[in-house]
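S.K.: Input: one structure, supplied below.
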Amino acid sequence: MSENKEPHVAKRGSAQQAGQKFVYDFTEGNRDLKDLLGGKGANLAEMTNLGLPVPPGFTITTEACKVYLDSGDAPRELRDEVSAHLDALESKMGKKLGQQDDPLLVSVRSGAKFSMPGMMDTVLNIGLSDASVTGLAKQLGGDERFAWDSYRRLIQMFGKTVLGVDGELFEEALDEAKTAKKVKVDTDLEAADLKKLVKKFKKIVSDGCGRDFPQDPREQMDLAINAVFDSWNTDRAKLYRRQERIPGDLGTAVNICSMVFGNLGPDSGTGVAFTRDPASGHQGVYGDYLQNAQGEDVVAGIRNTVPLADLESIDKKSYDQLMQIMETLETHYKDLCDIEFTIERGQLWMLQTRVGKRTAGAAFRIATQLVDQGLIDEAEALQRVNGAQLAQLMFPRFDGDAKKTQLLGRGIAASPGAAVGKAVFDSYTAVKWSRSGEKVILIRRETNPDDLDGMIAAEGILTSRGGKTSHAAVVARGMGKTCVCGAEEIEVDTKRRRLTVGSTVVEEGDVVSIDGSSGKVYLGEVPVVPSPVVEYFEGRMHAGADDADELVEAVHRIMAYADRRRRLRVRANADNAEDALRARRFGAQGIGLCRTEHMFLGERREMVEKLILADTDDEREDALKGLLPLQKKDFIELFEAMDGLPVTVRLLDPPLHEFLPDITELSVRVALAESRKDANENDLRLLQAVHRLHEQNPMLGLRGVRLGLVIPGLFTMQVRAIAEAAAARKNAKGDPRAEIMIPLVGTVQELEIVREEAEAVIAEVEAAHGTDLKLALGTMIELPRAAITAGQIAEAAEFFSFGTNDLTQTVWGFSRDDVEASFFTAYLEKGIFGVSPFETIDRDGVGALVRSAVEAGRKTRPDLKLGVCGEHGGDPESVHFFHEVGLDYVSCSPFRIPVARLEAGRAAAQSSGSDSR
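If you want it as structure tokens, here you go:
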């Protein structure tokens, strides 16, 4: 079978509510019913309401799908409801489903709430049979070729989709028929050829699944409906939902639509249109058209299309009508619309519309264009973009000035970006090599839904067939992957795992570079340069400058909207002046986490070793005195870089053994020295220290506040360095705003002891310099006990910063370094996680502790400052959570600051500025 499908398991309690309606005519719904009718059904209803030419039909709701998936059977009432709506459709059309002399044919299409292009199933031409195929030909003026072509399409799609027959068998038979006829395209096969092909296809079905192709049209329709329901839980659909974070319990609707035919001859055709360019956002006529074809031919990319603009010379009447409809839909939806249409002998029919997927650059351009057109306001513009798209715009691009390697060819620029990797020719290899750390480019003639896992694993996708609306293009744009489609001069040989262009052969494993912005494909690695958006954030390009492109201008405007809207401030995790200055250029409003342990690396490691090896108070004091001026210098540079902005300095957090040599390496060194009778006293003492400090679980051992309590003078040295640096900056007319953060506090008593010692040192420095430093003292909340007792801890803390990395580890009982490499993949595949809790905040567990700590802390100290400094501070979804619970700021790495700024603005606009405060 071509796809793994989950078996049905009957469950109790899946009975539907009495009187529940499971089927809606297209005239009954609207676009606001996506939860019930799915996106496709809701939009078909909306177009019907607008008076647009939509073939009549009806939609089976997602609720029916949920019952089917829960119980293994469709709802009892569903068959009667479908029969009633089918009767109404037959009356409207004046013919019966599968009627022998004049058959009504229908399509059965999936349609979930969220667009999942190509992930679920569709069957066209339901109702054709041995008895009705001749009737169809007679009704179309004796066009036997069309009738038999439609029948072979039905058997092929039904066999693969509904009966689980390997689709390659049908493709091979079709190729054999073309070879025998000595033709290259399907349309050159004649009626007699297609009759033979139908016979062969029916044998493939009977051999492949042990039953004949069904001749009863109602049985065809019922089986197809169930197959669409089943397709919700195929491997590819589940993988796509995980990738796009779509809930797994929504189910899919099923749309039954009367067939219109684009394969009736040169006056017929099918196409996909966009009201703006989904790759760039520019206004104009964008899309693909294919004469004498059905819709699946365009999306599959099997035949290369012509640009939509060519339709004007092919069928001016239909083209003008389509342009008018596109304008109507974009004005109505106030967004880029993606439209599927068919022309049947000069009559235009609308088969689908939806808000179209777009590239990151297009999203920013379109949002600002729509504001300028007065269709949306600034708050809505912020909802049309997201942080993931902004991050994508910050990735490097190919260097236009660099000397290029050999140009292999050029295709359609389907999804922008610069991608370099080793050529692979199937999804299995893409996944396998990617997991081994290789960067790969997936190269196919055309992609299909079964290639999804390889597309996710690859840096970019290259196909030799298809256009901007092919499966590869649509899915790549949705995922933010670089993609070049329709590179016709490139011949892809998947069996021999190579591509050829003239005399040049590229074998699997050779490096190629693809440019999704120009469509160019190169042999070898092309150098990359920073994106213009990063140049803008760095201050090297200004939005109003002559050399600034419109994308930079759009990003500038959206960021201005976000900054005006947001309540959350955004700080940086930075440990040195260089990172601090970059963070400030990127819009940071301070430092939320300075990790002082990073200041003890390199040459300074030896000083830390002296501290660890100290046997007496005097030795310890000497070691600390050596570190003090170095720490002070570091802090002066940091406070100068962030002058006038808060800088939160975390006192030493990691266990001391991290500053010592590796135990294995040191043991070997000592053993070799002893064998040469050349023992080093310092190495021996270091080895003893390593053994003494060794812990079974260092994460929960001697670290954080415990170090300050156990090692006399360590924290006070750091506090003194901070205070003296702040005093030095004040004397230099600076404005230092230091905050001292004590890590890993689990009880208020720990904090009180360290705070008392710190205050004594600060007072001493203030007295010596005759100044008031106003140094705030607070703590990290990174242990469950700290979160639970936050009300008590707030008595001794002026601020909390949530260390969500360690809080996630301790709440879940995970050691991050161990679990991510061992079983996280299995957890994600089994749906235990939708996304790693280290990537996005676990709202129900870790998030609940954060929320309760915020409430308890502010109850004790209403002016308590609250922030987060874990990696979640730069995660888009987590930023929304932190806005909701009322934090004052998020802190993240410098590169993620623009993303956090944008998401903070989006969160404020989404909630109209309301939060738990």
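Positions in the sequence shown are counted from 1; adding 2 to them yields our numbering. Note that beta-carbon positions come from the ideal geometry of N, C-alpha and C, so glycine has one too.
1) Below 8 Å on the Cβ atoms is my contact criterion, and I expect residue 230 with residue 123 to pass it. Report the Cβ-Cβ distance as a whole number of Å.
2) Is DSSP giving residue 515 helix, strand or coil here?
3) Between the Cα of residue 573 and the Cα atoms of 876, 712, 89, 433, which residue gives the shortest distance?
4) Relative to the alpha-carbon of residue 108, which residue among 95, 115, 119 has its alpha-carbon at the smallest distance?
5) Please confirm whether residue 743 and residue 780 have their CB atoms less than 8 Å apart.
6) Pair every Cβ in the segment 818 to 834 with every Cβ in the segment 902 to 910, then say whether three or more of these pairs are closer than 8 Å.
7) Between the alpha carbons of residue 91 and residue 30, how many angstroms are there, rounded?
8) Alpha carbon to alpha carbon, what distance is there between residue 263 and residue 270?
9) What is the residue span of the beta strand (DSSP E) that residue 127 lies within?
10) Out of 658, 277, 765, 441, which one is the CA nearest neighbour of residue 710?
11) Report all residues from its chain with a CB closer than 6 Å to the CB of residue 408; omit the five preceding and five following residues, and keep chain order.
12) Thinking C-alpha only, which one of 35, 715, 97, 531 is nearest residue 141?
13) Is it the case that the Cβ atoms of residue 900 and residue 397 are separated by a distance below 8 Å?
14) Please list the terminal residues of the continuous alpha helix (DSSP H) segment that includes residue 1.
15) Looking only at its chain, what residues have a beta carbon closer than 7 Å to the beta carbon of residue 534, apart from the 5 residues adjacent to it on each side?
16) Going by the CB atoms, is the gap between residue 164 and residue 88 shorter than 8 Å?
17) Across the segment 144 to 151 and the segment 193 to 202, are there enough close Cβ pairs to call them in contact, namely three or more that are closer than 8 Å?
18) Identify, in the order they occur along the chain, each residue of the same chain with its Cβ nearer than 6 Å to the Cβ of residue 43, setting aside the five sequence neighbours on each side.
19) When the Cα of residue 576 is compared with those of 598, 713, 564, which residue comes out closest?
20) Which runs of the beta strand (DSSP E), 3 residues or longer, sit entirely within the segment 515 to 564?
21) With a Cβ-Cβ cutoff of 8 Å, do residue 725 and residue 763 count as a contact?
22) Are the Cβ atoms of residue 368 and residue 360 separated by less than 8 Å?
23) Assign residue 78 to buried or exposed, taking buried as 16 or more other Cβ atoms, counted over all protein chains shown, within 10 Å of its Cβ.
24) Does the pairing of the segment 464 to 483 with the segment 442 to 452 give three or more beta-carbon distances under 8 Å?
25) Taking DSSP's pairing of strands, which residues face residue 773 in a bridge?
26) How big is the Cα-Cα spacing for residue 790 and residue 883?
27) Starting from the Cα of residue 708, find the closest Cα among 654, 682, 737, 669 and give me that residue.
28) First and last residue of the beta strand (DSSP E) that includes residue 293?
29) Using DSSP with H/G/I as helix, E/B as strand and the rest coil, what is residue 315?
30) Report the three-state DSSP secondary structure of residue 495 (helix, strand or coil).
31) Within 10 Å of its beta-carbon, does residue 265 have 16 or more other beta-carbons around it, so buried, or fewer, so exposed?
32) Please specify which runs of the alpha helix (DSSP H), each continuous and at least 4 residues long, are wholly inside the segment 357 to 415, giving them in chain order.
33) Which two residues bound the contiguous beta strand (DSSP E) that contains residue 701?
34) Closer than 8 Å is the cut-off here; do at least three beta carbon pairs connect the segment 411 to 424 with the segment 599 to 608?
35) Taking its Cβ as the centre, do 16 or more other Cβ atoms sit within 10 Å of residue 430, making it buried, or is it exposed?
36) For residue 80, does the three-state DSSP call read helix, strand or coil?
M.R.: According to the structure data:
1) 5 Å
2) strand
3) 876
4) 95
5) yes
6) no
7) 14 Å
8) 7 Å
9) 124 to 128
10) 658
11) 525
12) 97
13) no
14) In this structure the chain extends from 3 to 919, so residue 1 is not present and cannot be described.
15) 543, 551, 553, 554
16) no
17) yes
18) 61, 113, 255, 257
19) 598
20) 522 to 525
21) yes
22) yes
23) exposed
24) yes
25) Bridge partners of residue 773: none, in fact.
26) 19 Å
27) 654
28) 285 to 293
29) helix
30) strand
31) buried
32) 362 to 374, 380 to 385, 389 to 395
33) Run containing residue 701: none; DSSP gives neither H nor E here.
34) no
35) exposed
36) helix
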